[in-house]
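Q: Supplied in structure tokens, the structure appears directly below.
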Ligand SMILES: *Cc1c(COP(=O)(O)O)cnc(C)c1O
């Protein structure tokens, strides 16, 4: 059987997308490539709900998206408020510091979210040029209520630029860039979009682009949106060579997703999450997050299950899950259920997990878990 890659990115890539990836490489200035790129950019807009946003597709991982988001909107010495629900929120703190920005962070305990009232009072105390929200923090599996936070920011501090890290959310969770008034959003190819790692997709609002234009200096060359904008408007132009084959794969996957329908794709993620959670919690696993995301689950082990043994025995059976991060390491594991993964595949994974529990000497009621999966 094919290995089941159930980590929170990279996620399994379908045969269709893999075969698009392996098509012959053509010139990046060729009409045929330009039209594939343009199509991928149009679909990127739809994905983010950003008909008014300016889209970018750039070679690099999700972290490049994070860095481009901040470098293009913050001058050295300006103030950034970071909402951190885990490891990837904290990464914005590091990037901000690297860029010489003043960073204040509101950090929630693992599995919790920063209360709206403390975000509001922090914004009232002090002027922040930008705020970052990690839509789904992949370390804790926590979903942030971006819409509510954005509405509050518009009311309390309308000048503050809103940056959303969508890397583990976009495609699996609805995002309304225009409607929610987001200024910068980005994702990576290897999570809910089910494409190999290697691309970051972004959208900037008009206001964010104006901010970049007002900056005398930007601390990046490759990541400067002003160098990329002419290329995204007309992909025949050259700034730096695009990842031609990766764009084939992305366009293919976005076509599959759009054809399936975005609402149906979100619903599929919600349903898969509910099934996996119903099953594993019946046999003693515990969900870490109080605001769980549809794209992944972080489960605490029941007594008697040792992390490394569980994951390695599972890997032998062809199911790959990820270790937990930071203070959860050794106590929990992370399971992605996003992208092209199917319910049938998740059911296979569940059976293997239950077998591993039994091999490790922990009694589990297999029938009950399987029923919970099927009924959820
Ligand atoms: C995976 C992830 C990133 C980092 O993406 P890379 O492709 O590993 O650089 C950033 N933010 C979130 C929320 C992620 O899940």
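Residue numbers (the UniProt record's numbering): 1 to 376.
Beta carbons: idealized from backbone N, C-alpha and C, even for Gly.
Predicted, not measured: the structure shown is a model, and the values here were computed from it.
(1) Going by the beta-carbon positions, is the gap between residue 150 and residue 295 smaller than 9 Å?
(2) Is the Cβ-Cβ distance between residue 307 and residue 362 less than 9 Å?
(3) Thinking just about the alpha-carbon of each residue, which of 188, 70 and 175 is nearest to the one in residue 130?
(4) Can you give the beta carbon distance from residue 200 to residue 64, rounded, assuming they're within the 8 Å contact cut?
(5) For the beta strand (DSSP E) containing residue 382, list its first residue and its last residue.
(6) Is it true that the stretch 317-324 meets the stretch 346-364, where meeting means three or more beta-carbon pairs spaced less than 8 Å apart?
(7) With distances taken between CB atoms, is the gap from residue 26 to residue 251 smaller than 9 Å?
(8) May I ask which residues mark the beginning and end of the alpha helix (DSSP H) holding residue 25?
(9) Looking at the unbroken beta strand (DSSP E) that takes in residue 55, where does it start and where does it end?
(10) Would residue 260 be called buried (16 or more neighbouring beta carbons within 10 Å of its own) or exposed?
(11) Quick check: the Cα distance between residue 159 and residue 125, rounded to an integer number of angstroms?
(12) Over what stretch of residues does the alpha helix (DSSP H) that includes residue 88 continue unbroken?
(13) Buried or exposed: where does residue 175 fall if 16 or more other Cβ atoms within 10 Å of its Cβ makes it buried?
(14) Assign residue 121 to one of three DSSP states: helix, strand, or coil.
(15) Leaving out the 5 sequence neighbours to the left and right, which residues in its chain are closer than 7 Å to residue 190 when beta-carbon positions are compared?
(16) Can you name the start and end residues of the alpha helix (DSSP H) that residue 262 belongs to?
(17) Is the stretch 176-184 touching the stretch 255-273 in the sense that three or more CB pairs, one from each, lie closer than 8 Å?
(18) I want to check one thing, is the minimum distance from the CB of residue 190 to the heavy atoms of ligand 1 below 8 Å?
(19) Which one of 213, 187 and 214 has the shortest CA to CA distance from residue 202?
(20) Does the Cβ of residue 148 have 16 or more other Cβ atoms within 10 Å, making it buried, or fewer, making it exposed?
(21) Exposed or buried, residue 238, counting other C-beta atoms within 10 Å across all chains shown (16 or more means buried)?
(22) With a threshold of 8 Å, establish whether the CB of residue 357 neighbours any heavy atom of ligand 1.
(23) Is it the case that the Cβ atoms of residue 141 and residue 287 are separated by a distance below 9 Å?
(24) Using a Cβ-Cβ cutoff of less than 6 Å, which residues in the same chain neighbour residue 86 once the five nearest sequence positions on both sides are dropped?
(25) Rounded to whole angstroms, what's the CA-CA distance from residue 145 to residue 135? Just pull it up for me.
(26) Does the distance between the C-beta of residue 426 and the nearest non-hydrogen atom of ligand 1 fall short of 8 Å?
(27) Could you give the distance in angstroms between the alpha-carbon of residue 177 and the alpha-carbon of residue 211?
(28) Please tell me whether, using a cut-off of 8 Å, the distance from the CB of residue 12 to the nearest non-hydrogen atom of ligand 1 is below it.
(29) When DSSP labels each residue in this structure, what does residue 187 get in the three-state scheme?
(30) Going by DSSP, which residues form a beta bridge with residue 380?
(31) Tell me whether residue 64, by its Cβ, gets closer than 8 Å to a heavy atom of ligand 1.
(32) Beta strand (DSSP E) containing residue 199: first to last residue?
(33) Hey, is residue 9 close to ligand 1, as in C-beta under 8 Å from one of its heavy atoms?
A: Well, looking at it:
(1) Between residue 150 and residue 295, the CB-CB gap reaches or exceeds 9 Å.
(2) no
(3) 70
(4) 5 Å
(5) A query on residue 382 cannot be resolved here, the shown segment of the chain reaching from 1 to 376 and no further.
(6) The stretch 317-324 makes contact with the stretch 346-364: 3 or more CB pairs, one atom from each, lie closer than 8 Å.
(7) Contact: no.
(8) No alpha helix (DSSP H) contains residue 25, which DSSP labels as neither H nor E.
(9) 54-59
(10) By the neighbour-count rule (16 or more Cβ atoms within 10 Å), residue 260 is not buried but exposed.
(11) 14 Å
(12) 87-98
(13) buried
(14) helix
(15) 9, 10, 11, 196 and 197
(16) 262-282
(17) No, they do not touch.
(18) yes
(19) 187
(20) So residue 148 ends up on the exposed side.
(21) exposed
(22) no
(23) yes
(24) 137, 139 and 140
(25) Approximately 7 Å, taken between the alpha carbons.
(26) No answer is possible for residue 426: it lies beyond the span of the chain, which begins at 1 and ends at 376.
(27) 18 Å
(28) no
(29) strand
(30) Outside the shown range of the chain (1 to 376) lies residue 380, about which nothing can therefore be said.
(31) yes
(32) Run containing residue 199: 199-204, per the beta strand (DSSP E) assignment.
(33) yes
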